[in-house]
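Scroll down for the structure; my scribbles are underneath it.
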Amino acid sequence: MNECNRRVFTLHVIAGSSLLAATGLQAQEKEVKVSSEKLTEADPYAKSMGFRLNTANADKVKFPRHDVSQKCSECQLFSGKPGEPLGPCSFFGGRQVPVDGWCRNFKVKKAKA
Ligand code: SF4
Numbered sequence: 052m053n054e055c056n057r058r059v060f061t062l063h064v065i066a067g068s069s070l071l072a073a074t075g076l077q078a079q080e081k082e083v084k085v086s087s088e089k090l091t092e093a094d095p096y097a098k099s100m101g102f103r104l105n106t107a108n109a110d111k112v113k114f115p116r117h118d119v120s121q122k123c124s125e126c127q128l129f130s131g132k133p134g135e136p137l138g139p140c141s142f143f144g145g146r147q148v149p150v151d152g153w154c155r156n157f158k159v160k161k162a163k164a
């Protein structure tokens, strides 16, 4: 390997390492935050989002487009495990919400390809 090739090789190694480090940081940032704390209907922010422990109790006057088929277990922001009654909601900082819960930020899960 001549001097020029060695320099180019070294620059590629440095660039590659930086890219890997940056990618690793991004992956860490995307990790879902999980809390053991249960979200309550009395929580001021949850209240402002119309959060209910059971979707059937959503305020139909305030949220006329709400439908009982909308529930946390069907929401993109829910990352609970199948069969578990509660799971983390990324919208509420990873706090635990019930599978049958609901809030106005409900986003239907995208179909898997
Ligand atoms: S954002 Fe989704 S998972 Fe979180 S409380 Fe609202 S409906 Fe449930």
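Counting from 1, position 69 in the sequence shown corresponds to residue 120 in the numbering used here; the numbering is continuous, with no gaps. Where a beta carbon is used, it is the ideal one built from N, C-alpha and C, also for glycine. Every value quoted in this text rests on a predicted model; they were computed, and no experiment measured them.
Closest Cα partner of residue i within the set the options
i, options, result
"R103", "A162, N156, S130 and K132", "N156"
"K89", "G144, A162 and V159", "G144"
"A162", "C126, S99 and R116", "C126"
"V85", "T91, E135, S130 and A97", "S130"
For residue i, three-class secondary structure by DSSP
i, result
"K89", "strand"
"P149", "strand"
"P115", "coil"
"P139", "strand"
Inter-residue Cα distance where the pair is residue i and residue j
i, j, result
"G101", "F114", "8 Å"
"C123", "D151", "6 Å"
"K132", "P149", "11 Å"
"D94", "K111", "20 Å"
"S120", "C154", "12 Å"
"H117", "K98", "16 Å"
"A107", "S87", "24 Å"
"Q147", "T91", "9 Å"
For residue j and residue i, believed in contact at Cβ under 8 Å, the rounded distance
i, j, result
"L128", "K158", "6 Å"
Residue(s) in a DSSP beta bridge with residue i
i, result
"G131", "Paired residue(s): none; G131 is not in a bridge."
"R155", "DSSP output for R155 lists no bridge partner at all."
"C123", "None; C123 has no bridge partner."
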